[in-house]
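Okay, so here's the structure we're looking at.
2 protein chains.
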Amino acid sequence: MKKVTPVKKCERIAAVDLEPALLLAAKKLLTEEGPSALSIRRIAASAGVAPMGVYNRFKNKSGIIEALFRQGFVDFDAAMSSVEFPIGTEKNLQKEYLKSIEAMGMKYREFAIQNPGIYQLMFMKSVPEFAPTIDAVAGAFNCFGTLVERVAWGQRAKILIAGDPVEIGQRVWATCHGAASLEIVGITKLLDVENHFRMLVATLFQGLLRESK
Amino acid sequence: MKKVTPVKKCERIAAVDLEPALLLAAKKLLTEEGPSALSIRRIAASAGVAPMGVYNRFKNKSGIIEALFRQGFVDFDAAMSSVEFPIGTEKNLQKEYLKSIEAMGMKYREFAIQNPGIYQLMFMKSVPEFAPTIDAVAGAFNCFGTLVERVAWGQRAKILIAGDPVEIGQRVWATCHGAASLEIVGITKLLDVENHFRMLVATLFQGLLRESK
DNA sequence: TATAGTTATAGAACACCGTTCTACAGGATG
DNA sequence: CATCCTGTAGAACGGTGTTCTATAACTATA
Numbered sequence: 223m224k225k226v227t228p229v230k231k232c233e234r235i236a237a238v239d240l241e242p243a244l245l246l247a248a249k250k251l252l253t254e255e256g257p258s259a260l261s262i263r264r265i266a267a268s269a270g271v272a273p274m275g276v277y278n279r280f281k282n283k284s285g286i287i288e289a290l291f292r293q294g295f296v297d298f299d300a301a302m303s304s305v306e307f308p309i310g311t312e313k314n315l316q317k318e319y320l321k322s323i324e325a326m327g328m329k330y331r332e333f334a335i336q337n338p339g340i341y342q343l344m345f346m347k348s349v350p351e352f353a354p355t356i357d358a359v360a361g362a363f364n365c366f367g368t369l370v371e372r373v374a375w376g377q378r379a380k381i382l383i384a385g386d387p388v389e390i391g392q393r394v395w396a397t398c399h400g401a402a403s404l405e406i407v408g409i410t411k412l413l414d415v416e417n418h419f420r421m422l423v424a425t426l427f428q429g430l431l432r433e434s435k
Numbered sequence: 223m224k225k226v227t228p229v230k231k232c233e234r235i236a237a238v239d240l241e242p243a244l245l246l247a248a249k250k251l252l253t254e255e256g257p258s259a260l261s262i263r264r265i266a267a268s269a270g271v272a273p274m275g276v277y278n279r280f281k282n283k284s285g286i287i288e289a290l291f292r293q294g295f296v297d298f299d300a301a302m303s304s305v306e307f308p309i310g311t312e313k314n315l316q317k318e319y320l321k322s323i324e325a326m327g328m329k330y331r332e333f334a335i336q337n338p339g340i341y342q343l344m345f346m347k348s349v350p351e352f353a354p355t356i357d358a359v360a361g362a363f364n365c366f367g368t369l370v371e372r373v374a375w376g377q378r379a380k381i382l383i384a385g386d387p388v389e390i391g392q393r394v395w396a397t398c399h400g401a402a403s404l405e406i407v408g409i410t411k412l413l414d415v416e417n418h419f420r421m422l423v424a425t426l427f428q429g430l431l432r433e434s435k
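Heads up: the sequence lines are chains D and R, in that order.
Residues 223 to 435 (the numbering used here) make up the first sequence, in order.
Residues 223 to 435 (the numbering used here) make up the second sequence, in order.
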């Protein structure tokens, strides 16, 4: 028998583009019913296919969840990067800088509460059996770079205190994450959570300012 | 046949005190293998009993998890309350106050990283199918009262800025939780995470101080 | 002491889960 | 047309939470 070069997957045309349909179904289940609804059978059924349909497109359950994880960081990065940043008008620089920082904080919160399922998947290990691969984690850390750059920018402009911008960026991130995650899981007695978030970020940056009050 | 008053459960003497054994087994599984190891069958087997042994002591899986949840907050409260608080020596009051705040923060982190399974159960919805009852949540909020009191104390001593102590307490909590939870799930590039935690709390309180720098 | 009533127990059973295996249908290649 | 490969559905395996059933053990009464 003659040996035949296998037909490459990309050369075949699928009847329907199943992979996006599966991802969409998974995201929908995660958003509407939470992590425990994320089962292979339910994802497959939502996309109108047998469980094997998932295994044909992804390695296993972790595979499809990792795809959600990665897409989440892409969307997150887009959201954060959409926040305007001051150019450098000299006069009200500090004021404008802090305004854009506040806007970033509020954008962070907005992403978290509008995509709680994805947010928990990204930052809160909400699917116990899922651990992202090293590669996916590296991709996730890319968005952190944007934050670090903006911290470093504030330091160069003599607005923020000196120090490792990565470490200070992590302080900012931890602060936003703390408030957002407590809000998502509903651990708060506050009525105006949005204002609380704003005040928290403002307090942190008050402590990060180079100049005295 | 004569109607007999049922024997009350508390009057019976169990062969072994199974309930604590089950809770201990559950805690051990959670700590050593994570939330996905928390199955009725494994808990029961660890305690040397059939699955029904769990249902005889607790309503269902949520029941035994809620017991872990409640015990977690008791332990947490004990840890936090163990931190010394300044009496009021007038002279170095602010310094001592901030020192005790730092100690509380570090105690918070210590609890989280020494009991990551329990911490995630308490604050991070790590068991998707478990939601604490209203009663359990109310108990959980008790520990928050300690923090609020200490914030209010700092306000009365003119150390901290004015404002709703509950809201400000939540700022402190969110900050500690953000750093601790990111550390637990391993989302950080920092080498000295302990120092980062310390600096973060210090930064927040720098922003909460009434006096200028 | 003997009997009746209650409880806790083990084990089977049900529906679900992730995953793997098997058999089959459809299209591309020779 | 014959062959090969791929994607599919469905069954199957061991796991899960939960419920049901039958039995054993224990308490309380006659």
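Heads up, the beta-carbon is just placed ideally off N, CA and C, and yes, glycines get one too.
As the structure is a prediction and not an experimental result, all values here were calculated from the model.
Taking the CB atoms as reference points, tell me whether residue i and residue j lie closer together than 8 Å.
i, j, result
"L290/D", "I340/D", "yes"
"A396/D", "L430/R", "no"
"P387/R", "V407/R", "no"
"M344/R", "G294/R", "yes"
"E389/D", "L244/R", "no"
"M326/D", "V305/D", "yes"
"V276/R", "A266/R", "yes"
"L404/R", "H418/D", "no"
"F298/R", "F333/R", "yes"
"P338/R", "S322/R", "no"
"A301/R", "K283/R", "no"
"R279/D", "L240/D", "yes"
"R393/D", "T425/R", "yes"
"A384/R", "Y319/R", "no"
"S303/R", "T253/R", "no"
"R432/D", "I381/D", "yes"
"R331/R", "A402/R", "yes"
"V370/R", "G391/R", "yes"
"M346/D", "M346/R", "yes"
In three-state terms, what does DSSP make of residue i?
i, result
"L320/D", "helix"
"L412/R", "coil"
"R234/D", "At R234/D, the pLDDT of 32 sits below 50, so the modelled position is not reliable; the number obtained from the coordinates is stated separately. It is coil, neither helix nor strand."
"L382/R", "strand"
"L431/R", "strand"
"V388/D", "helix"
"T355/D", "coil"
"M421/R", "helix"
"N364/R", "helix"
"V305/D", "coil"
"S403/D", "helix"
"K329/D", "helix"
"V349/R", "coil"
Give the interface partners of residue i over in chain R, defined as CB-CB distance under 9 Å, in chain order.
i, result
"F363/D", "I409, K411"
"F345/D", "S403, L404, V407, I409"
"M421/D", "G385, E389, I390, R393"
"G294/D", "Per Cβ cutoff of 9 Å: no residues; G294/D is ~13 Å from chain R at best."
Taking C-beta pairs closer than 7 Å, name the residues in chain D that residue i reaches, listed in chain order.
i, result
"Q392/R", "T410, L412, H418"
Any C-beta of chain R sitting closer than 8 Å to the C-beta of residue i?
i, result
"I235/D", "Low confidence applies to I235/D: its pLDDT is 32, below 50, so where it sits in the model is not reliable enough to give any reading."
"S284/D", "no"
"G339/D", "no"
"M326/D", "no"
"A269/D", "no"
"T397/D", "yes"
"G275/D", "no"
"G376/D", "no"
"D239/D", "no"
Going along chain R, which residues have a C-beta under 7 Å from residue i?
i, result
"S261/D", "Here the premise fails: no neighbours, minimum Cβ distance about 11 Å."
"L252/D", "None at all; the shortest Cβ gap to chain R is about 10 Å."
"P257/D", "P350"
Residues of chain D with a CB under 9 Å from the CB of residue i: which are they?
i, result
"G429/R", "A424, T425, L426, F427, Q428, G429, L430, L431"
"S348/R", "M346, K347, S348, P350"
Just to make sure I have the definition right: I need the residues of chain D whose C-beta is within less than 8 Å of the C-beta of residue i. Which are they?
i, result
"T368/R", "The contacting residues do not exist; T368/R stays about 14 Å from chain D at best."
Verify the CB distance criterion: does residue i have a CB-CB separation below 8 Å to chain D?
i, result
"P242/R", "no"
- Query: In chain order, which alpha helix (DSSP H) runs of at least 4 residues are fully inside the stretch 234 to 301 of chain R?
  - Reply: 240 to 255, 262 to 268, 274 to 279
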